[in-house]
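Numbering (our numbering), first residue to last: 498 to 703.
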């Protein structure tokens, strides 16, 4: 049996246990694995028309080189790759430390186990909602979103994702009083840290 060409799609119904159609699914061959089986990317939806539209978009991304081999890669693993990249390109250690802390404390707990290829704007919105429920300030939520946008922007450049889904989310509004209070706290912490360690530049603290 001949192998399917890259970009060739298949469309099928999704059925429940009774055999009733509950949606549609389509797959695109993006290459072949070492064992010879097809490596596919999948899209799904409630209607045939919806899935056909998603299929055309996926095929267009494949033809323009915007579909990378990220199958199974989690957001957590992607953030680790991005942080390794920032280690080579970010000269300021305090800035790099703030990226690591933000990824570890705020991004990974909510988004870390999500598959990168399945990350959607609603997932990012859920992360911000969860951070607010956990008592994080609007300023901290806004910074977490900013770091995520930076990471996904690099993912687009690496052609690991076709678009930056975090760009669809608006940052929480930060009141001026909170900004001023946050600056005072960071300043006070910096001077205490400087006396203990001799550090000459403040870090960005949550």
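We treat Cβ as the ideally placed atom computed from N, Cα and C, and that holds for glycine.
Neighbourhood of residue 600 by C-beta distance below 6 Å, restricted to the same chain and skipping five residues each side: The beta carbon of residue 600 lies closer than 6 Å to those of 576 in the same chain, with the five residues before and after it left out.
For residue 471, does the count of other Cβ atoms within 10 angstroms reach 16, so buried, or fall short, so exposed? Absent from the model: residue 471. The displayed extent of the chain is 498 to 703, so no value can be given.
Taking residue 634 as part of the alpha helix (DSSP H), name the residues at either end of that continuous run. For residue 634, there is no enclosing alpha helix (DSSP H), as DSSP marks it with neither H nor E.
According to DSSP, which residues form a beta bridge with residue 450? What the structure shows of the chain is the stretch from 498 to 703, and residue 450 is not part of that stretch, so it cannot be assessed.
For residue 671, which residues in the same chain have their Cβ closer than 7 Å to its Cβ, ignoring the five residues on either side in sequence? Same-chain partners within the cutoff: 635, 636 and 639.
Pair within 7 Å by beta-carbon distance, residue 543 and residue 569: Not closer than 7 Å, so no.
Residue 700 to residue 581 span [Cα, whole Å]: Legend: pLDDT at residue 700 = 45, less than 50; position of this residue unreliable, value from coordinates given subsequently. Going by the C-alpha atoms only, they are around 19 Å apart.
Go ahead and pull the three-state DSSP assignment for residue 629. Reduced to three states, the DSSP call for residue 629 is helix.
When the Cα atoms are used, what is the spatial distance from residue 669 to residue 609? Taking C-alpha positions only, residue 669 is separated from residue 609 by approximately 21 Å.
Contact set for residue 666: own chain, Cβ-Cβ below 8 Å, skip 5 residues either direction: Only 618, 621, 622, 625 and 642 meet the Cβ criterion.
Going by C-alpha distance, which of 614, 631, 652 and 590 is nearest residue 603? Taking only the C-alpha atoms, the option nearest residue 603 is 631.
When the distance is taken between beta carbons, is residue 555 closer than 7 Å to residue 537? For the 7 Å CB-CB criterion, residue 537 and residue 555 do not form a contact.
Could you have a look at residue 679 and say whether DSSP puts it in helix, strand or coil? Low confidence applies here, because residue 679 scores a pLDDT of 49, under 50, leaving its location unreliable and the question unanswered by this model.
Check the DSSP bridge columns for residue 710 and list the partner residues they point to. With the chain covering 498 to 703 only, the question about residue 710 has no answer from this structure.
In whole angstroms, what is the alpha-carbon distance linking residue 660 and residue 594? Straight-line Cα distance between these residues: approximately 26 Å.
Starting from residue 591, trace the alpha helix (DSSP H) both ways and give me its first and last residue. Unbroken alpha helix (DSSP H) run through residue 591: 590–599.
Once the 5 residues before and after residue 512 are set aside, which same chain residues still bring their CB inside 6 Å of it? Excluding positions up to five away in sequence, the list reads 518.
Using the Cβ count rule (16 or more neighbours within 10 Å means buried), how would you classify residue 509? Classification of residue 509: exposed, given that the 10 Å Cβ count is below 16.
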